[in-house]
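Residue numbers (this note's numbering), protein chains in the order written: chain A, 1 to 235; chain B, 1 to 235. For glycine and all other residues, C-beta sits at the position ideal for the given N, C-alpha and C. Keep in mind it's a predicted model, so treat the numbers as computed, not measured. Scroll down for the structure; my scribbles are underneath it.
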């Protein structure tokens, strides 16, 4: 049974890394003693070692050990043997390029199909979709493809931000950008506001957290999706 | 002599398309009766025909005719024979992919090297840099490379936006994103605020408009660059 936790952000304002989500993480990885952390998105360019300390410290409180994938000689084997997997946020292009370079795209798909629970935050959530075409990140490196892990049949826009009605800025709003995406792509896009997440348990997909989500479908007006059962998104 | 007009935005709040820049455009294309418009960035997914009407109407006021590149059978020849060139804004990935598909990257480099004045706005400015790695746009299509026209030895960030000190949003600021760019890339990045532009005439590069610009260099703190002569950026 496919188990996913697709999280918009690792941190909410005024709260420590993952603090707001600890109960959910504990429940999601119930029965697991150790998870594999994929730090390739390197937020702010920090090292894999530094980055791995974030979840390591955060998940101590719920009795979950964390090992970084860079600590293993064979990253594919590390994925195959992991009890659970967590991919952190940062730069989506950096992350996706590293996944391809380490032959992990296929390995992750197989592990998740085999029932290994996968949690992603921000960039780590973005890659659960069909493509990375709705990332907010700058294309700082060139990946061999924009195809992502394709664990769900839609695209994710993490850190979804509503348009500011008072802005005089002429740059595109997030909504405008996602509409442009639909001139070249057909899949739905789910805009996950900060502190929102999706949890999948097999055929059941649930939107959790304090906010509704914004759903963008090609040729339709964007609309709000309420918290609770959103399994219709699985098609 | 290489002549460039690298413009942050086509429009400022409360003013019509290109209205704020008409004097500069008139001076830049002095002596030319017609310019070639490249509408490939398709803002909001509008058609080439619709998009070309924007500069056509705007530049009527300064006696400059506009023809869209889609009106020509041979786009390479259209670039070779153009008196002047203007590439409009929209989605940078869509633009760059279309330039490669139409064999226009090399054609544009040659035309500009031969003295054809080139003006770009937003995405059309972004592509004058070394790569599109500092675009703000979503990667809605996959171009064969992130290498841009490389008319200047740095990267452009158009619509540069200062961090909002009151924001509680956890998504990266523009400054953070550009810093991340420098973990993977060495070239300087110039953040051009809206209503700012760069004008190059051979070895002379000038920052114009009401704002200073923000310069990001690898391994250094970002700093403000005053209006006026910024030829040092040409290296």
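One alpha carbon belongs to residue 174(A), the other to residue 105(A), and they sit about 27 Å apart. As DSSP reads the structure, residue 212(B) sits in no beta bridge.
Between residue 83(B) and chain A, the shortest Cβ-Cβ separation is not below 7 Å.
For the region 161-218 of chain B, the continuous beta strand (DSSP E) assignments of 3+ residues that do not extend past its boundaries occur at 189-193, 197-201, 204-208 and 213-216, in sequence order. With contacts defined as CB atoms closer than 7 Å, residue 192(B) and residue 8(B) qualify as a contacting pair. With respect to the 7 Å criterion, residue 139(B) and residue 93(B) are classified as neighbours on the basis of their beta carbons. One finds 44 and 45 in chain B with Cβ atoms closer than 8 Å to the Cβ of residue 179(A), taken in chain order. From the listed residues 208(B), 169(B), 27(B) and 116(B), the smallest Cα separation to residue 160(A) is found for 169(B). Of all residues in the region 148-165 of chain B, those with a C-beta nearer than 7 Å to a C-beta of chain A are 159 and 161, reading in chain order. Apart from the 5 residues on each side of it in sequence, residue 37(A) sits with its Cβ closer than 6 Å to the Cβ of 52, 55, 66, 68 and 86 in its chain, given in chain order. The contact set of residue 29(B) on chain A, defined by CB atoms closer than 8 Å, is empty, because the minimum CB distance reaches about 23 Å. Assignment of beta-bridge partners to residue 155(B) by DSSP yields 189(B). A straight line joining the alpha-carbon of residue 45(B) with that of residue 209(B) spans about 29 Å. Distance from the CA atom of residue 4(A) to the CA atom of residue 229(A), rounded to whole angstroms, is 14 Å. CA-CA distance, residue 130(B) to residue 186(B), rounds to 11 Å. At a cut-off of 7 Å between beta carbons, residue 124(B) makes no contact with chain A.
Per DSSP, the unbroken beta strand (DSSP E) holding residue 118(A) starts and ends at 118-121.
In terms of CA proximity to residue 157(B), 137(B) leads the group 172(B), 137(B) and 142(B). Under a criterion of Cβ atoms nearer than 9 Å, the residues of chain B adjacent to residue 94(A) are, in order, 180, 183 and 184.
Below the 9 Å Cβ cutoff, chain B contributes 12, 13, 14 and 194 as neighbours of residue 168(A), in chain order.
With respect to residue 121(B), residue 89(B) sits close: the two C-beta atoms are nearer than 7 Å.
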